[in-house]
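Visitor: Okay, handing you the structure first.
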Amino acid sequence: RNYMNNLYKIGDFSKIVNLPIKTLRYYDEYGLLEPSYVDEFTGYRYYNDTNKSECKLIILLKSLDFTLEEILNCKDNLTAEVIATKRKELNDRIDLLNQKQKKLMILEQELAKNKAQNIVTNKPKVLVLTPNKVNKKVA
59 RNYMNNLYKI GDFSKIVNLP IKTLRYYDEY GLLEPSYVDE FTGYRYYNDT
109 NKSECKLIIL LKSLDFTLEE ILNCKDNLTA EVIATKRKEL NDRIDLLNQK
159 QKKLMILEQE LAKNKAQNIV TNKPKVLVLT PNKVNKKVA
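Residue 135 in the numbering used here sits at position 77 of the sequence shown, and the numbers go up by one each step.
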């Protein structure tokens with residue numbers, strides 16, 4: 059059984075690449091990471107060193123927010139254009155998160171201002187948030 063050299067059972071491979079067996083099975087069904095050999099009688103999946111390299115790339119791309127579909131489409135032909143597109147997506151998300159941070163800071167300032175006014179006037183105010191307006195005071 060020479061073909062069994064350098065083949066890892068799914069459990070062993072799972073430990074080597076630090077992915078759950080369930081994930082490896084899903085990646086196989088999805089067509090993302092096919093085992094190098096499947097025993098036709100037992101259905102056992104066996105992986106090799108090439109699968110290890112593929113798996114490292116998949117894990118890296120996942121950590122960079124590539125979807126499984128994107129990984130499937132580009133893993134065999136990763137280009138500078140693909141990387142540039144993902145970089146732009148991430149920069150757009152960073153910009154959006156920065157805008158949300160600013161809105162939260164404004165909201166905190168308004169809440170602090172209202173709290174200070176409530177202490178001075180002893181008149182409670184309720185802050186009503188609407189999608190289009192940051193605050194609308196209701197007495």
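A virtual CB, placed ideally from N, CA and C, is assigned to each residue, including glycine.
Note that this is a predicted model, so its numbers are computed, not measured.
What's the C-alpha gap between residue 132 and residue 161?
Guide: Roughly 37 angstroms between the two C-alpha positions.
Visitor: Among the residues of its own chain, which have a CB less than 8 angstroms from the CB of residue 60, if the five just before and after it don't count?
Guide: With a pLDDT of only 44 at residue 60, under 50, the local geometry of the prediction cannot be trusted, and the value read off the model is given with reservation. None.
Visitor: Residue ranges of each alpha helix (DSSP H) run of no fewer than 4 residues wholly in the region 92 to 150, ordered along the chain?
Guide: Fully enclosed alpha helix (DSSP H) runs of 4 or longer: 107 to 121 and 126 to 132.
Visitor: Let me know if residue 82 comes out buried or exposed under the rule of 16 or more other beta-carbons within 10 Å of its beta-carbon.
Guide: Residue 82 should be labelled buried.
Visitor: Could you say if the region 136 to 146 and the region 88 to 108 meet the contact criterion of at least three C-beta pairs nearer than 8 angstroms?
Guide: They do not touch, by the three-pair rule.
Visitor: Alpha carbon to alpha carbon, how far is residue 80 from residue 145?
Guide: Computed Cα separation, rounded: 30 angstroms.
Visitor: Over the uninterrupted alpha helix (DSSP H) stretch that includes residue 69, give me the two end residues.
Guide: Start and end: 68 to 75.
Visitor: Output the distance between the C-alpha atoms of residue 40 and residue 152, rounded to the nearest integer angstrom.
Guide: Any answer about residue 40 is impossible in this case: the structure gives the chain only from 59 up to 197.
Visitor: In the structure shown, what three-state DSSP assignment does residue 90 receive?
Guide: Residue 90: coil per DSSP, three-state reduction.
Visitor: Verify whether the separation of the beta carbon atoms of residue 95 and residue 106 is less than 9 angstroms.
Guide: Yes, these two residues count as a Cβ contact at 9 angstroms.
Visitor: Alpha carbon to alpha carbon, how far is residue 72 from residue 135? Give it in angstroms, no decimals.
Guide: Using only the alpha carbons, I get a separation of about 25 angstroms.
Visitor: Can you give me the C-alpha to C-alpha distance between residue 115 and residue 93, rounded to a whole angstrom?
Guide: Straight-line Cα distance between these residues: approximately 15 angstroms.
Visitor: Is residue 65 helix, strand or coil when you go by DSSP?
Guide: Coil.
Visitor: Taking all protein chains shown into account, decide if residue 112 is buried (16 or more other Cβ within 10 angstroms of its Cβ) or exposed.
Guide: With 16 or more Cβ atoms within 10 Å of its Cβ, residue 112 is classed as buried.
Visitor: Report the residue from 109, 120, 84 and 90 whose alpha carbon sits nearest the alpha carbon of residue 75.
Guide: Of the candidates 109, 120, 84 and 90, the one whose C-alpha sits nearest the C-alpha of residue 75 is 109.
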